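Protein chains: 2
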Amino acid sequence: MLFGHGGDVYSLSRELGLEPAEVLDFSSNCSPLPYPDGFSHYLSKHINELHLLPEVDSRSVREILSARYGLSPESFLLGSGTTQWIFSLPRILGSRRAFIPLPTYSDYMDACQAAHVKIDFLGPYPDGLEQTVTRFSADLLALKNRDLDNALIFVCNPNNPTGLFMEPSRLVELIKRFSMATWVIDESYAPFVAEDSQSSLISASLPPNVVILRSFSKIYGIPGLRIGCLVTTGATMERLRAGERPWAVNRMAQLAAAFLLRTPDYEENVRQYCQHQKSVLVSAIGRLDGLEYVPGSTHFALFKVKQPLSAKMVCDALKKKGMLIRDCANFQGLSEEHIRISPRMEDDNVKLVMAIREIVSSE
Amino acid sequence: MLFGHGGDVYSLSRELGLEPAEVLDFSSNCSPLPYPDGFSHYLSKHINELHLLPEVDSRSVREILSARYGLSPESFLLGSGTTQWIFSLPRILGSRRAFIPLPTYSDYMDACQAAHVKIDFLGPYPDGLEQTVTRFSADLLALKNRDLDNALIFVCNPNNPTGLFMEPSRLVELIKRFSMATWVIDESYAPFVAEDSQSSLISASLPPNVVILRSFSKIYGIPGLRIGCLVTTGATMERLRAGERPWAVNRMAQLAAAFLLRTPDYEENVRQYCQHQKSVLVSAIGRLDGLEYVPGSTHFALFKVKQPLSAKMVCDALKKKGMLIRDCANFQGLSEEHIRISPRMEDDNVKLVMAIREIVSSE
């Protein structure tokens, strides 16, 4: 879908006569932290280099990733956001079938539909990690081998919008057990959970039937630049590289990603700040009547909305105050009404809590 | 192909130990002019807005284009460079067959191959516009209607690398005559030839079987940003829009394109400067032994290279001096050896002429 995602500050800012940056956007799951020292200056001084084409294959970024993860530079493909890969994977890999556990990010479904790949939804799974893993494993076991053969299985880990997070070792176990399928693991939110060694599957021992997606938009707060990464090896990488188009990533994004990847404390700072702000939001909002926090590991928080409140009512009331949160109505597999809130900087979060408190108390 | 295009300053700069911007790149066909006043400042002050997603559908740019061309905003799709559209068109339109007159830009072929579309090459056509148009028309006439039905015909106008330019009225005549095909007209270099009314097919009376591609990289000198445009109407647009993915264009590119499109004298200045510098290059290089200018309408110039010189020899010798020109060896349909040169600012062009003169005289 083109519309209906989080982060559309442009429609709201037009409606309210604001600048896009004046909208308080709690809907897009990206780091709200200021960029590290020197970042803006670094990009500014390269504006005149926009006269040059970008690196055709984002080589300099791939070399930094190679050093970080201990995999060869050829194990990484950079794209115009992970969105590029989500949409091209089903097509380029030529899978006939895809399994998507629900609820999860809607673009996996859209991408499979666009590529005419048959989709089987698994679940929806109830709240809670243990039940989810148990039922997900059982559902996979119940499938025939020939159904899984050359199929795609999409897993967002940690998951959007539920925040559920499977430890890498548990996920690897599943991946090895169902090795006839190609697993697409979207780790866009993994860096908000913990450092690589505890949150990511990317390592020198990456199983060959896995494709990892890593967004730079979220942890580095650069969704405006469009850069994301895909990690895989062997035959899968060969097929993906053969289908790659030149200059997929713009030069500003290449420079920004290289700068931010080389600032290691920054990621840790973002993680700690966002998790702390999330806990503040959860404790303030979760105690309000009609809003129940759904426990998850991510920095964004999912809340059930109970009558007489409705998700739409809360979202609409906040919009009038120039605040965007995510109405989860278009996430397939969420039976009740939910909203998703991603923390901004502290002052804005305080404003949000006050606004929601007003809305709840006026009901 | 991923490598082998013009503009790969990164490989050469690594080889020579230079910064990418220190390479004198005459190979990439993009405007060398400084950006208009205020451009760098405008982009710089928006760096902090990269925290926001871009407009999902580049609406603000589409509205500017709508006003410029007198077509609805819905007639325009923005992408991550025209490259995005070249590669997605054959796939999304589901054509079984494509006709590509030679010689021309190689990505049309690559895109059709990637989408498993059968390619029929037409030509190669000899130098000279009249012979080309006559033979191209005759070749189309010789085809059966059922061969053309729902086929794609790619025409780069003006053409890369030959610079041949068909006036819009002549091209429209062909398009209407062979209306069972979908014509993809790549106008990336049209703004270097003349203003819209004399160089572009985009108008309120755009035939329904045409898709126009417009690069912003070339005329505005922003290849580093990745933004290009597609123009079409009716059922073709509906199919393309259904296959569109969100946030294809980054925010810097949206802001830059809007800024540059709103600076109308800039385009005229670029056109005049580049055409003047081209004429200087042509008269200086075209008179050298072994280098013969192939007449064309674009700002870039094609030269035949004659023995004992070879295209590779000239390119290699220039590389050692930190200068890139385009060896046209990988353009299918050019029987003799050719080089393509795109003007830079005057001082650099003087250096290039001196360097080529040295190479020629040392043979």
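Listed in order, the protein sequences are those of chains S and F.
Okay, so the first sequence: first residue is 837 according to this note's numbering, each after it adds one.
Okay, so the second sequence: first residue is 837 according to this note's numbering, each after it adds one.
From the three backbone atoms N, C-alpha and C, an ideal C-beta is built for every residue, glycine too.
In this text the structure is predicted, and so the values were computed from the model without any measurement.
Just grab the DSSP bridge partners of residue i for me.
i                          : result
methionine 1159 of chain S : S:Leu860
glycine 999 of chain S     : For glycine 999 of chain S, which the question treats as bridged, DSSP gives no partner whatsoever.
cysteine 1065 of chain F   : F:Leu914 and F:Arg1050
valine 991 of chain F      : F:Ile1021
isoleucine 1195 of chain S : According to DSSP, which records beta bridges pairwise, isoleucine 1195 of chain S is partnered with nothing at all.
With 16 as the cutoff for other CB atoms within 10 Å, does residue i come out buried or exposed?
i                            : result
lysine 980 of chain S        : exposed
proline 1144 of chain F      : exposed
threonine 970 of chain F     : exposed
proline 962 of chain S       : exposed
lysine 1156 of chain F       : exposed
lysine 1023 of chain F       : The question names lysine, but residue 1023 of chain F in the sequence shown is glutamate. Counting Cβ neighbours within 10 Å, glutamate 1023 of chain F comes out buried, since at least 16 surround it.
lysine 954 of chain F        : exposed
histidine 877 of chain F     : exposed
glutamate 1173 of chain S    : buried
proline 939 of chain F       : buried
asparagine 1185 of chain S   : buried
phenylalanine 839 of chain F : exposed
glutamine 949 of chain F     : exposed
aspartate 1183 of chain F    : exposed
alanine 978 of chain F       : exposed
glutamate 858 of chain S     : exposed
proline 1100 of chain F      : exposed
aspartate 844 of chain S     : buried
Report the three-state DSSP secondary structure of residue i (helix, strand or coil).
i                         : result
tyrosine 1056 of chain S  : helix
isoleucine 883 of chain S : helix
aspartate 956 of chain S  : strand
serine 1005 of chain S    : helix
arginine 1050 of chain F  : strand
asparagine 981 of chain F : helix
histidine 841 of chain S  : coil
proline 1100 of chain S   : helix
valine 1106 of chain F    : helix
glycine 1079 of chain F   : coil
glutamate 1279 of chain S : No answer is possible for residue 1279 of chain S: the residues shown for chain S start at 837 and end at 1199.
valine 1085 of chain S    : coil
leucine 889 of chain F    : coil
leucine 869 of chain S    : coil
glycine 1070 of chain S   : helix
In its own chain, which residues sit with a C-beta less than 7 angstroms from the C-beta of residue i, not counting the 5 before and 5 after it?
i                          : result
arginine 1180 of chain S   : Leu860, Phe862 and Pro868
isoleucine 1011 of chain S : Trp1019, Pro1043, Asn1045 and Val1046
leucine 852 of chain S     : Gly1158
alanine 1205 of chain S    : Lying before the first or after the last residue shown, residue 1205 of chain S is absent from chain S, which here runs from 837 to 1199.
valine 1106 of chain F     : Ser867, Leu869 and Ile1055
alanine 1040 of chain S    : Gly906 and Leu907
valine 1141 of chain S     : Gly1126, Leu1127, Ala1147, Val1150, Glu1173, His1174 and Ile1175
serine 894 of chain S      : Leu914, Val1085 and Gln1090
tryptophan 1083 of chain S : Leu889, Pro890 and Val892
leucine 984 of chain S     : Phe1014, Met1016 and Ala1017
Note down, in chain order, each residue of its chain lying with its Cβ closer than 6 angstroms to the Cβ of residue i, except the 5 sequence neighbours on either side.
i                            : result
leucine 1091 of chain S      : His882
phenylalanine 972 of chain F : Pro937
leucine 976 of chain F       : Phe1014
asparagine 865 of chain F    : Lys1054, Phe1136 and Ser1178
isoleucine 989 of chain S    : Phe935, Ala1017 and Trp1019
leucine 1170 of chain S      : Pro939 and Cys1164
Say the cut is 7 angstroms; is the CB of residue i nearer than that to a heavy atom of the ligand GDP?
i                             : result
phenylalanine 1014 of chain S : This structure lacks the ligand GDP; in fact it carries no ligand of any kind.
Residues in its own chain within less than 8 angstroms of residue i by CB, not counting five upstream and five downstream?
i                          : result
isoleucine 1192 of chain F : Ile1121, Leu1124, Leu1127, Val1150 and Leu1154
threonine 1072 of chain S  : Leu929, Thr1018, Pro1044, Asn1045 and Val1047
arginine 1006 of chain F   : Val969
Between residue i and chain A, is the shortest Cβ-Cβ distance under 8 angstroms, so that the two count as touching?
i                     : result
valine 953 of chain S : The displayed structure is made up of protein chains S and F, and chain A is not among them.
3 or more residues per run - each beta strand (DSSP E) lying fully within the stretch 893 to 917 of chain S: 912 to 915
Start-end ranges of the beta strand (DSSP E) lying completely within the stretch 1115 to 1186 of chain S, minimum 3 residues: 1127 to 1130, 1137 to 1141 and 1174 to 1177
Runs of alpha helix (DSSP H) lying entirely within the stretch 1011 to 1043 of chain S, each at least 4 residues, in chain order: 1026 to 1029 and 1032 to 1035
In chain order, each beta strand (DSSP E) run of at least 3 residues that lies wholly inside the stretch 931 to 975 of chain S: 933 to 937 and 954 to 958
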